[in-house]
Each structure stands twice: as structure tokens, then as C-alpha cells.
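One structure below.
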Amino acid sequence: MNLQNSLNFSGGPGALPENVLLQLSEEIMKVPGLGISILGISHRSEWFAEVISELEGNIRTLLDLSDNYHVLFLQGGATQQFSMVPMTLLRGKSAAAEYIQTGYWSSKAIPEAKLEGPVRIIWSGVETNFKRLPTDDELRFSPDAPYMHYISNETVEGLQFQRVLGRDDVPRICDMSSDFLSKPYDFERFSLIYAHAQKNIGPSGITVIVVRDDLIEHTPPANLPSFLDYKIQAKAHSNFNTPPVFAIYAVLLVTRWLMNDIGGLKRMEQINRRKAELLYGQIDESGGFYQGRANTADRSLMNVVFNLPTTELERRFIDAAQSAGFSGLAGHRAIGGLRASIYNAVTIKAVEELANFMESFQRKFHG
Ligand code: PLP
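Note that the UniProt record's numbering has the sequence shown beginning at 1, numbered continuously upward.
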């Protein structure tokens with residue numbers, strides 16, 4: 001097997017830009033100007049303080065955020081945020097937090113919130129097998145909820161909201177793990193956004209949290225462990241205990257790439273749209289050989305989830321793809337099938353190669 005980095009369509013950890021990988025591989029041996037490996041640099045060094053400060057600044061610039069937001073880099077993945085959000089905002093409350101159940105990952109977030117307080121599921125896609133997202137008419141938000149939580153892109157099922165949900169007078173919390181920094185958004189309409197790095201912006205081990213001052217400043221103390229207290233983490237500038245220095249540095253390099261090589265989120269979105277069009281086009285023009293899973297209007301620009309007529313053909317597709325250098329095309333273990341994740345670092349050229357591969361596979365097995 002000879003898999004290629006440029007043909008990595010994994011659901012996450014996913015592909016990273018080639019020049020970022022090159023720079024990291026050099027700096028594992030020696031950071032220029034310092035002489036030692038990046039893996040051995042102290043998190044209390046001046047060098048790392050500059051890394052955090054530049055990265056915070058880059059995220060602010062990319063998101064066009066004002067000063068009343070904190071940008072934090074925490075460990076524990078998005079899963080820890082499933083708990084940290086309700087620990088902070090729901091503990092001791094009698095009004096229910098509102099959750100939208102759109103797929104595998106929102107179904108994981110809900111039970112964690114229920115451990116902390118009352119939860120109302122305002123819409124669930126369980127009965128439609130998570131093949132579509134709710135319309136506005138199906139969503140009734142309450143003005144009394146302590147917060148409303150949803151996932152902007154369901155990574156497993158390949159469903160993505162193309163609009164911002166909820167009321168402006170209720171804190172809006174969003175798990176953007178699988179579409180963060182893939183397109184511009186009205187980020188300031190959110191009170192708290194979290195996104196782990198291992199899709200669009202870096203390796204696993206770090207989660208970006210963007211949180212508005214008022215959400216954490218006015219929260220009554222809830223006897224939280226210090227590590228799980230946003231206020232303490234914000235004060236420590238993400239350096240409360242030993243952070244994953246390497247992962248944070250990798251994210252810094254990716255933000256530089258986004259700003260300098262790509263040219264910002266608007267341009268990133270254009271590229272991502274083109275990639276999605278190529279794959280969905282291939283699916284739609286296959287005469288039913290490739291079957292897209294998601295309702296057309298709710299299709300994700302990040303995770304293209306599809307099936308073949310039989311599981312045997314799907315197995316052959318994955319084997320043939322691997323022999324051709326592609327990786328990460330098997331669907332999530334919860335639902336099977338196939339999934340091409342086309343995160344930011346996957347190039348248009350790589351997606352064209354996949355579309356061509358799909359076409360020739362179809363010709364071979366279907367005529
Ligand atoms: N939320 C979303 C949208 C995800 O895609 C994932 C994992 O892929 C998670 C949460 C869980 O993330 P983690 O493994 O970082 O805890």
C-alpha cells in the first residue's frame with residue numbers, strides 16, 4: 001500500500017496542508033533561531049507565549065471578532081465541551097437548555113447535558129434516520145432557555161446547516177468541530193463556539209473555544225474543577241497547565257496558511273464549494289450507482305456521505321481506492337457506507353482525482 005498525504009479524505013484527524021507538514025517535520029528536529037526540537041520547548045518560554053498570542057490574533061482576524069470574546073485552546077476534545085458547557089450554564093437551573101438532535105454527534109452531546117440539568121430536545125432526526133435537517137417551521141425556540149445548542153455540521157451523516165439558528169436573546173452555543181474556519185460566518189451571533197482542531201485546522205489534542213465575556217463573567221461559581229472553568233482558562237491564556245505545545249503550533253501554521261496562502265475564509269469557502277460540487281456532481285450523474293445519503297438541501301460541504309448498491313461493492317471501492325493511494329474513504333463505523341471528507345487542506349486537484357476514480361470504478365463495475 002502506498003497512501004498519499006494529498007489523497008487523505010479521512011473524517012478526522014484529517015489532511016493538513018503540505019507546506020505545514022513540511023515545516024513541522026523540519027521543526028521536530030530544530031526550530032530555526034532556537035536550535036532545539038519543537039517537542040522539547042517549554043510552555044512557559046517566551047517563544048510559546050508569542051505562539052499563543054499570534055494564534056489568538058489570527059483566529060480573531062479570521063473570525064472578525066471584537067475584543068469582548070476570549071479565544072481559548074483547551075484539551076479534552078469536543079467531547080469535553082459537551083460537558084463543560086452545561087456544567088457552566090445549566091447546573092442548578094430549572095429552565096431547560098434546548099438541543100437540536102441532528103445526528104450521531106448531537107446525540108452524544110445530549111446525555112452529557114442531561115447529567116447537569118434539564119434539557120429539551122426541540123427537534124430530533126432519529127425517526128428519519130438523520131437524513132435531513134429541520135426547517136425553520138419545525139423549530140420553536142423558547143425565550144427562557146439558559147442556552148440553545150446545536151452542531152453546525154454533523155460529521156458522520158454529512159448534514160450541514162447553511163444558516164444560523166435560534167433566538168438572539170438566548171445564548172447560542174455551537175459545536176463547529178467539522179466546519180470551523182471553512183467559510184465566513186456571522187460568528188458574533190454566537191455566545192460560545194467550540195471546534196476541535198483535527199478536521200480543518202490541525203492535529204488532535206486541542207480544541208478552540210470562542211466565548212463571549214458576558215457568558216462566563218456573570219455565571220455564578222458552580223464549584224467547578226479549575227481546569228473546567230472557562231474563566232480560569234481565559235485568565236491563564238490557555239496556559240493553566242501544560243498545553244499541547246506541538247498541536248497549538250501546528251494550528252498556528254494552519255492559520256498562517258489560511259491567511260497568507262489561501263487569502264481568508266471567503267476564498268476558502270469558494271474552494272470548498274467547488275470541491276463539494278465535484279463530488280456531489282459525480283454522485284448525481286451516476287444514474288443511482290452512487291447514492292448520496294443526505295437530503296440534497298442539507299448536504300455538507302465538508303463530509304460527502306454516500307453508498308453503493310451493495311456492501312460488497314463498497315468494500316471493493318475502498319480496496320481499489322487504497323491501491324490507488326486514497327485513504328479515509330470508509331464511512332463512520334456507526335453507519336458504514338462511504339464518506340469523503342473534504343476539509344480545507346484537501347485540494348481541488350485531489351478531489352478531481354477522486355471524482356475521476358469514482359467514474360472509472362463505476363465504469364468497471366457497472367458498465
Ligand atoms: N463533535 C463533532 C461534530 C465531531 O465530528 C466529533 C468527532 O469527530 C466530536 C464532536 C467529538 O470530538 P472529540 O473526539 O474531539 O471529542
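Glycine residues also receive a C-beta, built at the ideal position from the N, C-alpha and C atoms.
Best match in the options for proximity to residue i [C-alpha to C-alpha]
i, options, result
"ARG315", "GLY336, ALA250, ASP214, ASN223", "GLY336"
"MET268", "PHE187, LEU55, ASN200", "ASN200"
"ARG44", "PRO118, GLY263, ALA236", "ALA236"
"PRO86", "VAL20, PRO111, SER66", "PRO111"
"GLY92", "ASN153, LYS114, ILE100", "LYS114"
"ASN129", "SER142, GLU116, THR102", "THR102"
"residue 413", "ILE28, ALA195, ASP169", "No answer is possible for residue 413: it lies beyond the span of the chain, which begins at 1 and ends at 367."
"TYR147", "TRP257, ARG212, ALA96", "ALA96"
"LEU354", "SER327, ASN344, HIS332", "SER327"
"ARG339", "GLY11, LEU3, MET1", "GLY11"
"PHE161", "ALA324, ALA294, ASP168", "ALA294"
"VAL155", "PHE180, PRO171, GLN80, GLY288", "It is worth fixing the name first, because residue 155 is Thr in this sequence and not Val. It is PHE180."
"ILE173", "GLU127, GLU352, PHE82", "PHE82"
"SER73", "ILE193, SER300, ILE271", "Looking at the sequence itself, residue 73 is Phe, so the reference to Ser does not match. The option with the nearest alpha carbon to PHE73 is ILE193."
"residue 373", "GLY117, GLY77, ARG120, LEU159", "Not covered by the structure: residue 373. The range shown for the chain is 1 to 367."
"GLY77", "THR207, ASP229, THR347", "THR207"
"VAL251", "GLY40, GLY14, GLU27, LEU55", "LEU55"
"PRO17", "ALA350, ARG363, ASN356, GLN362", "ALA350"
"ILE209", "SER107, LYS231, HIS218, SER226", "LYS231"
"PHE9", "GLY264, VAL126, LYS275, ASN223", "LYS275"
"LEU301", "ASN272, GLU352, VAL126", "ASN272"
"THR61", "MET84, LEU39, GLY263, HIS218", "GLY263"
"GLN282", "ILE59, VAL304, GLU50, ILE52", "VAL304"
"residue 369", "ASP298, ASP284, LEU279", "In the structure as shown, the chain starts at 1 and stops at 367, and residue 369 therefore has no counterpart that could be examined."
"ASN241", "ASN68, PRO32, SER42", "SER42"
"LEU165", "ALA15, GLU157, SER191, SER182", "SER191"
"MET1", "ALA15, LYS364, LEU90, SER323", "SER323"
"ASN68", "THR88, MET259, GLU116, GLU217", "GLU217"
"HIS332", "TRP105, GLU27, VAL20", "TRP105"
"LYS183", "LYS131, GLU127, ARG256, LEU265", "LEU265"
"residue 369", "ILE28, VAL20, THR79", "Shown here, the chain extends from 1 to 367; a query on residue 369 therefore has no answer."
"SER341", "LEU3, ASN307, GLY14, SER124", "GLY14"
"VAL254", "ASN153, ALA345, GLN291, TYR150", "ALA345"
"ASN260", "ARG212, LEU7, ASN19", "ASN19"
"ARG212", "MET358, GLU127, PRO171", "PRO171"
"GLY202", "ARG256, THR310, ASP168", "ARG256"
"ASN239", "GLU50, LYS108, ASN5", "GLU50"
"VAL119", "SER177, ILE100, ASP137", "ILE100"
"ARG167", "GLU157, SER178, GLU188, PHE141", "PHE141"
"GLU98", "TYR150, SER25, GLU127", "TYR150"
"LEU21", "ASP284, SER6, PHE48", "SER6"
"ASN58", "GLY292, ILE248, SER360, PHE357", "ILE248"
Residue-level contact to chain C via CB, residue i, 9 Å cutoff
i, result
"LYS114", "The structure shown contains no chain C, having only a single protein chain."
Bridge partner(s) assigned by DSSP for residue i
i, result
"TYR150", "CYS174"
"ARG299", "LEU159"
"HIS70", "VAL211"
"GLN270", "Paired residue(s): none; GLN270 is not in a bridge."
"GLU98", "ARG120, MET148"
"VAL305", "ARG339"
"GLN291", "ASN307"
"ASN8", "SER327"
Any non-hydrogen atom of the ligand ATP within 8 Å of residue i CB
i, result
"ARG167", "The ligand ATP is not part of the structure shown, which contains the ligand PLP as its ligands."
Quiz prompt | the ligand PLP site residues, beta-carbon cut 6 Å against heavy atoms | solution = GLY12, GLY77, ALA78, THR79, TRP105, ILE151, THR155, ASP175, SER177, SER178, HIS196
Exercise. Pick out the complete beta strand (DSSP E) segments inside the region 189-245, 3 residues or longer, and give them in chain order.
Key: 192-196, 207-212
Quiz prompt | Sequence ranges, alpha helix (DSSP H) only - wholly within the region 12-94, length at least 4 | solution = 18-29, 46-63, 77-89
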